[in-house]
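A.B. asks: Can you keep this structure in mind? I'll have questions shortly.
Protein chains: 2
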Amino acid sequence: MTAFEFSLDGECGSARAATFATPHGDVETPAFMAVGTLATVKSLDPIDLREIGAPMILGNAYHLHLRPGDELIRDFGGLHSFMGWEGPILTDSGGFQVFSLEGLRTVDESGVEFRSHIDGSKHVFTPESVMQIERNLGADVIMQFDHVIPGQSDESAARDASERSVRWLARCVAELERLRAGGPPPKTTIPQRPPRPGTTFPLPAPNHPQALFPIVQGGIHPTLRRDAARAIQSSGSFDGYGIGGLSVGEAKPDMYHILEVVDGELPRDRPRYLMGVGFPEDLVEGVLRGVDLFDCVAPTRMGRNGTAFTSDGRLNIKRAEFRADPRPLDDACECSACRRFSRAYLRHLYVSDEMLGLRLLSLHNVHFLVRLMRDARAAILAGTIGTWSHDWLARYHSRPTPLE
Amino acid sequence: MTAFEFSLDGECGSARAATFATPHGDVETPAFMAVGTLATVKSLDPIDLREIGAPMILGNAYHLHLRPGDELIRDFGGLHSFMGWEGPILTDSGGFQVFSLEGLRTVDESGVEFRSHIDGSKHVFTPESVMQIERNLGADVIMQFDHVIPGQSDESAARDASERSVRWLARCVAELERLRAGGPPPKTTIPQRPPRPGTTFPLPAPNHPQALFPIVQGGIHPTLRRDAARAIQSSGSFDGYGIGGLSVGEAKPDMYHILEVVDGELPRDRPRYLMGVGFPEDLVEGVLRGVDLFDCVAPTRMGRNGTAFTSDGRLNIKRAEFRADPRPLDDACECSACRRFSRAYLRHLYVSDEMLGLRLLSLHNVHFLVRLMRDARAAILAGTIGTWSHDWLARYHSRPTPLE
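Those sequence lines, one after another, are chains E and S. Take numbering that gives the first Met the number 0: the final residue in the first sequence is number 403, and no numbers are missing along the way. Take numbering that gives the first Met the number 0: the final residue in the second sequence is number 403, and no numbers are missing along the way.
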């Protein structure tokens, strides 16, 4: 038995409602995970995330290795303790980031040598070193180190990368076993303090189980995706599966088709995590195709740019039409911004470059996706996901997206 | 009888503890008011301010007239409703701002013509127009429009400005009476919505009493300050008094001496508000000299720059020495940042340009000053303000201020 149970609560076609148990609590799926790349979901406080009902959040091994350093975070008891978030955390391996460093990195079978985007310093990521980093960070779910290629890659390059990712998976598994066998991480060098009254997160040091998720690659090539899914499963048993390399420029129908292919290949009793996909319409389409977990920077990035998700499509709060608009961003929304503030006030904050504005829109957008997945879950359990998603998508697409 | 009661709860030398009743609640003095220039205390949410225990906040007539416009705010039920803050609000008249527009403004007895710092558009501020703006904004306490001069002005220029400010006060009083006699502000043009469940601030439109505070000017010239205080009192009865033109570059002993002069001149049964003064040590020195209310952008501005107030002096969180420091900003502090986060985490947020960092430091700094005034009040009531302030100042100054 593992610390990571995935129990199906209901199914409706390919869509599933389930409960994913982790050492830091249960995640009811389908679920959206907010991205906290640098140990903070941009502009939001853990208190906000708890109030929103965010079930799980992300950190990033590449970014946190460079800044502030994964060993420092380990010495503070891991990411949960360092950033003050008690709920489940998933860390991405940084594969996507190091392979994006075009011109700053060299790749071979052993791993990737790259230069930091911050100061140009030289680093090496291998499946082994990434496991060490992710173990230091101490997230509940850790992603394998994989070979990521551009979305428009041809089938031959996609096959090479996908097959290398499967080989790297085996090295991740072996390294994680070696680390586990070595016992708990080294004792912290940080002086221990007695917990203060009222302190939520005294120092450290957790040593809870971590679930390693493989990543199914293969671009938009159904055969490669099938081969990858099968090779991964024949290499071992896992607590869940990532689906990578989508929403990177391919046509939407291609992405949806690949999800259907992968849905047919992955075991139904494990969670599937569609990496980096987070526009509302993609979440709904993903749920219909058997996806359980999603993440994306879109809600906070768009929030900082003044764009809000609403049930009627996107809304750019900077537009002059909202100058005296007394309505909330979304009439149906119960988030802290919509309960209290008018579009007129939020527009004023943006026009005046006031930080509260982008914070409130980020909060609204994350809440929007969290609630969207909660609603989808309810529809699955009620057996109405088909009509619910049809109606939801029709309303969302009914109004032309305002220019941004 | 007025809506603005000021009842003394205790005195200790010149220091006073009192309760200042306003239409939006009681303010226990001495008190620090956080500055929300543009209808937001930078980076903070009204929820944060409530949790901190901020007793009263500021808005600015100049800034809000230009953006989003005081008539828009009136149409949204006034500042309280527009920005979601139920507590007392004070608006500054904008005198300080328009007189700072060196080269962009012309002054005569009628008022000031100036160009907007945003788009260069032409505007005129007179005592009358400023009263109209402050009435539209609907704060509880509104400051008179005064003639502000540079801190280093000679006595003759200071006298001219001070005497003009007294003449402008009479025009403010007359205009405010005219506006009051005219009945409530015009009906809003914003469509009324039924309040949503959970909505704290349905639209509008308040028409509560407003207290006009005169401003005692006179630079660092005791005679001018005395003359101004007397001329103001002989021109009418007021619910409180502003003390302007200090902390603008003069030596600290000069400021403290002027406060002593003014303390002897102003009625003891009305609140005194020392404008724009907000460093911790100045607050303590001001309390000892009979000041009840303070405001300053320092806590939020310094918070954005990475500087925190602590009981042991200022702390620059960006310094390398805090890289692995598990302590909170201030061991004695009970704010939401100090209860949850280490200096190491806060430093990481600053180094990584993460907004949460400057938000948490702003929150800590405002909390620090609010609590400082609460502690001073307790010391006054206990009759120990002398030893309390001596000890507090000694500790605060004991460590050399780290370089910033």
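Idealized CB from N, CA, C, for every residue including glycine.
1) May I have the straight-line CA-CA distance separating G181 of chain S from I132 of chain S, to the nearest angstrom?
2) Are the beta-carbon atoms belonging to P54 of chain E and E10 of chain E less than 9 Å from one another?
3) Near M274 of chain S, what residues of its chain come up, given a Cβ to Cβ distance below 6 Å and the 5 sequence neighbours on each side ignored?
4) Do the CB positions of D291 of chain S and T1 of chain S come within less than 9 Å of each other?
5) Identify whether H256 of chain S lies in helix, strand or coil by the three-state DSSP scheme.
6) Please list, in chain order, all residues of the same chain as R326 of chain E whose beta carbon is under 8 Å from its beta carbon, the five residues on each side excluded.
7) Alpha carbons only, please: which of S:S128, S:M130, S:F113 is nearest the one belonging to H122 of chain S?
8) Could you spell out the range, first to last residue, of the beta strand (DSSP E) harbouring V290 of chain S?
9) Buried or exposed for R179 of chain E, going by 16 or more other Cβ atoms inside 10 Å?
10) When the Cβ atoms of the segment 369-376 of chain E are set against those of the segment 347-357 of chain E, are three or more pairs found closer than 8 Å?
11) How would you write the range of the beta strand (DSSP E) that V408 of chain E sits in, first residue to last?
12) Note down, one range per segment and in chain order, each alpha helix (DSSP H) of at least 4 residues found wholly within the segment 318-349 of chain S.
13) Taking only runs that begin and end inside the segment 204-289 of chain E, name each unbroken alpha helix (DSSP H) of 4 or more residues, in chain order.
14) For A16 of chain S, which of helix, strand or coil comes out of DSSP?
15) Measure the Cβ-Cβ separation of V286 of chain E and L245 of chain E and say whether it is below 9 Å.
16) K121 of chain S CB to nearest chain E CB: under 9 Å?
17) Identify every residue that forms a DSSP beta bridge with C11 of chain E.
18) Throw me the rounded Cβ distance for the N135 of chain E and E50 of chain E pair, which I believe falls under 8 Å.
19) For the alpha helix (DSSP H) holding H179 of chain E, just list the boundary residues, first then last.
20) Please report the residue range of the beta strand (DSSP E) in which A307 of chain S lies.
21) If we ignore side chains and look at the alpha-carbon of each, how far apart do F200 of chain E and S42 of chain S end up?
22) Looking at K251 of chain S: is its Cβ nearer than 9 Å to the Cβ of D294 of chain S?
23) Helix or strand or just coil, what does DSSP make of V40 of chain S?
24) Under 9 Å between the Cβ atoms of M301 of chain E and L360 of chain E?
25) If you count every other CB in all the chains shown that lies within 10 Å of the CB of L7 of chain S, and 16 or more means buried, which is it?
26) How would you write the range of the beta strand (DSSP E) that T28 of chain S sits in, first residue to last?
27) So, at 6 Å on beta carbons, what are the nonlocal neighbours of T198 of chain E in its own chain, with the 5 sequence-adjacent residues on each side left out?
28) Please check the pair T306 of chain S and L355 of chain E, which I expect to be a contact at CB under 8 Å, by giving their CB distance rounded to whole angstroms.
29) Looking at chain E, is there any beta carbon in it that lies within less than 9 Å of the beta carbon of Y61 of chain S?
30) Between R163 of chain S and E108 of chain S, how many whole angstroms is the CB-CB distance? I'm expecting something under 8 Å.
31) Measure the C-alpha to C-alpha separation of S388 of chain S and I214 of chain S and round it to an integer number of angstroms.
32) By the 10 Å Cβ neighbour count, where 16 or more other Cβ atoms means buried, how is Q209 of chain E classified, buried or exposed?
33) Counting only Cβ-Cβ distances shorter than 9 Å, please list the residues of the segment 314-336 of chain E near chain S, keeping chain order.
34) Does any residue of chain E bring its CB to less than 9 Å from the CB of A38 of chain S?
35) Quick one, are the C-beta atoms of I257 of chain S and G217 of chain S less than 9 Å apart?
C.D. replies: To lay it out plainly:
1) 15 Å
2) no
3) G241, G243
4) no
5) helix
6) S341, R342
7) S:F113
8) Taken as a continuous stretch (DSSP letters only), V290 of chain S belongs to no beta strand (DSSP E), as it is neither H nor E.
9) exposed
10) no
11) Residue numbering for chain E in the displayed model covers 0 to 403; residue 408 of chain E lies beyond these limits and cannot be assessed.
12) 335-339
13) 221-233, 251-264, 279-287
14) strand
15) no
16) no
17) E:A14
18) With a Cβ gap of about 29 Å, N135 of chain E and E50 of chain E do not count as contacting.
19) Position check: residue 179 of chain E holds Arg in this sequence, whereas His was assumed. Segment 154-180, the alpha helix (DSSP H) holding R179 of chain E.
20) 306-309
21) Here the model assigns F200 of chain E a pLDDT of 40, short of 50, so the residue's position is not dependable, and the following value carries that caveat. Distance between the alpha carbons of F200 of chain E and S42 of chain S: 24 Å.
22) no
23) coil
24) yes
25) exposed
26) 24-28
27) Confidence in T198 of chain E is poor, its pLDDT being 43 and thus under 50, which makes the residue's placement unreliable; the coordinate value appears in the next sentence. None.
28) That belief does not hold up - the Cβ atoms of T306 of chain S and L355 of chain E are roughly 21 Å apart, past 8 Å.
29) no
30) 7 Å
31) 27 Å
32) buried
33) R322, A323, D324, P325, R326, P327, D330, E333, S335
34) yes
35) yes
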